[in-house]
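*Asks:*
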Amino acid sequence: MVRSFYQLFLNTLQTEAVVLATVIEVSGSTPREIGAKMFVNAAGKIQGTIGGGAGEAKVIQHALQVLETGVKQRVEIDLSGHLKAANPISPKEGICGGRMGVWLERWAGNEARAIVQEILTALEAGRSITLVTPYGSERSPWIVDQFDPPKSPFKRGTLSSINPVPLLRGARGDQNCEGDEIDRTCGFASHGEGDDPPKSPFKRGTLINNNLVPPLFLALAARSAGARGDQNCKGEALDAFVEVIQPQPTVLIIGAGHCGIQLAKVADIAGFQVMVQDDRRDWANADHYPQATRIFTTSIEETIAQLNYHAALYIALLTRGYQHDVQALQAIMTKAIPCRYIGMMGSQRRVQQVLQAVQAKVAQEFSELSELQISQWLQHIHAPIGLDIGALTPEEIAISITAEMIQIRHRDRDQKCSP
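Using our numbering, read the sequence shown as starting at 68 and increasing by one per residue.
#1: Please confirm whether Arg141 and Gly118 have their CB atoms less than 9 Å apart.
#2: Buried or exposed for Ala383, please, with buried defined as at least 16 other CB atoms from any protein chain shown within 10 angstroms of its CB.
#3: If the criterion is Cβ atoms closer than 9 Å, does the pair Met342 and Ile371 meet it?
#4: Do you know how far the Cα of Thr136 is from the Cα of Ile468?
#5: On the CB-based measure, 16 or more other CB atoms within 10 Å of its CB, does Leu422 come out buried or exposed?
#6: Would a C-beta distance cut-off of 9 Å place Ala124 and Phe106 closer than the cut-off?
#7: Which residue spans inside the region 94-132 form an unbroken alpha helix (DSSP H) run of at least 4?
#8: How many Å lie between Gln29 and Arg407 at the Cα?
#9: Please confirm if the region 429-445 is in contact with the region 456-474, defined as three or more CB-CB distances below 8 Å between the two stretches.
#10: Taking the C-alpha atoms as reference points, what is the distance between Thr360 and Val138?
#11: Exposed or buried, Gly95, counting other C-beta atoms within 10 Å across all chains shown (16 or more means buried)?
#12: Name the residue from Ala323, Ser195, Val86 whose alpha carbon lies nearest to the alpha carbon of Glu310.
#13: How long is the line joining the alpha carbons of Thr197 and Gln344, rounded to whole angstroms?
#14: In its own chain, which residues sit with a C-beta less than 7 Å from the C-beta of Pro233, not counting the 5 before and 5 after it?
#15: What span of residues does the beta strand (DSSP E) with Leu171 cover, start to end?
#16: With DSSP as the reference, identify every bridge partner of Gly203, one or two as the case may be.
#17: DSSP state of Trp209, grouped into three classes?
#18: Mind checking whether Phe72 and Val85 have CB atoms under 9 Å apart?
#19: Spatial neighbours of Ile186 within its chain, please: C-beta separation below 8 Å, excluding the five flanking residues on both sides.
Laid out in structure tokens, this is it:
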């Protein structure tokens, strides 16, 4: 998963230089998505993958050249399967049908390690972080890490948005950023103090690595560009790959019964970090949930109150009763943490009763909210939970729920893999 990849990356950088290969452009059908990564050491050993096969072998060959010369390269991988007329028996790079552009850059030294450590720190805290990789030969990557978690939509005066979907979301990531001229320093750089931020070098609304990069990030990226170094690169247009690196998705299972036990197993395999809540200690324990990073035995309200902001939080309500669902949804709605996904188990009748009860309770507590606003928020809840595959047993139900979470995780993406 993403965090383990960057941990291996950092560990390797402690002893040797490597080349980081990043998919920066795709068209048609490809084995990996924009942002997919691998790194290559001097022995040609890799961590991660950009798709395998002859195309990956070509990238490794070029990476060894970059490692030796230090000169960045863009490598084109042709997966169309078309044979060259001049050499019809030459090996093809793949037959997926598409094309990939892969950026190769040598990473080494203290500044490179500092950047990877900063990425790890953000991921471990559940925060997304932006990595800017300029294509210019004299420029090196830098980090933007100044994202403030959104405020609760239920605080007085900030009631314009009642949406559990996180702020960072876009349709596609197949555009590169080009923009205005800026002053910036050369070399590996990270954000720091500065005067008024310069004009953003990125176009507003540009979709980068499946995330709509908001104007705040763009301004901060421009500010960070001039934070460090002793050479000024004036008057150059910024041509860069900007990616918002997301933390490992985390699912909070509320209700530690039979379905919860199976969901923890399947979600863990699918790459989700697992947390569990249930006030019944004989159910919510490490014996039943060895995959869980946190087990809460406090009340639902207390558990929700303890949650910190996470950029990729999923919640599955598998409670043992109607009232627990009402309590959970009411607590989630009034908490400042947005959720990428909320699903609730139950029959159609139970679902309707729960939603009606929640709407009535929230309307009573927040009189300034209209019924339409509350109803719009409730429409984001997936209920009954899971994809409709006719699941009956706890194991089947767990698979259907995990499949739905995977669908949300990769919504609006052409491919489904991560580094």
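Every residue gets a Cβ at the ideal spot worked out from N, C-alpha and C, and that includes glycine.
*Replies:* According to the data block:
#1: Against a cut-off of 9 Å, the Cβ pair of Gly118 and Arg141 comes out as no contact.
#2: Burial call: buried.
#3: No.
#4: Answer to the nearest angstrom: the Cα atoms are 49 Å apart.
#5: If you draw a 10 Å sphere on the C-beta of Leu422, you find 16 or more other C-beta atoms in it, and that means buried.
#6: No, the Cβ-Cβ distance between Ala124 and Phe106 is not below 9 Å.
#7: Within the region 94-132, no complete alpha helix (DSSP H) run reaches 4 residues.
#8: The displayed coordinates of the chain run from 68 to 486. Any statement about residue 29 would go beyond what the structure contains.
#9: Three or more Cβ pairs closer than 8 Å define a contact, and the region 429-445 falls short of that threshold against the region 456-474.
#10: Spanning the two alpha carbons is a distance of roughly 42 Å.
#11: So Gly95 counts as exposed.
#12: Residue Ser195 is the option with its Cα nearest to Glu310.
#13: So the alpha carbons of these two residues sit roughly 32 Å apart.
#14: Unreliable placement is indicated for Pro233, whose pLDDT of 28 sits below 50; the coordinate value is still reported in the next sentence. For Pro233, where only same-chain residues beyond five positions count, the Cβ hits under 7 Å are Ala378, Pro405, Arg407.
#15: Unbroken beta strand (DSSP E) run through Leu171: 166-174.
#16: Under DSSP, Gly203 shares a beta bridge with no residue.
#17: Three-state result, Trp209: strand.
#18: For the 9 Å CB-CB criterion, Phe72 and Val85 do not form a contact.
#19: Once the five neighbours on either side are set aside, the close Cβ partners of Ile186 are Tyr73, Ile196, Leu198, Ile210, Ile312.
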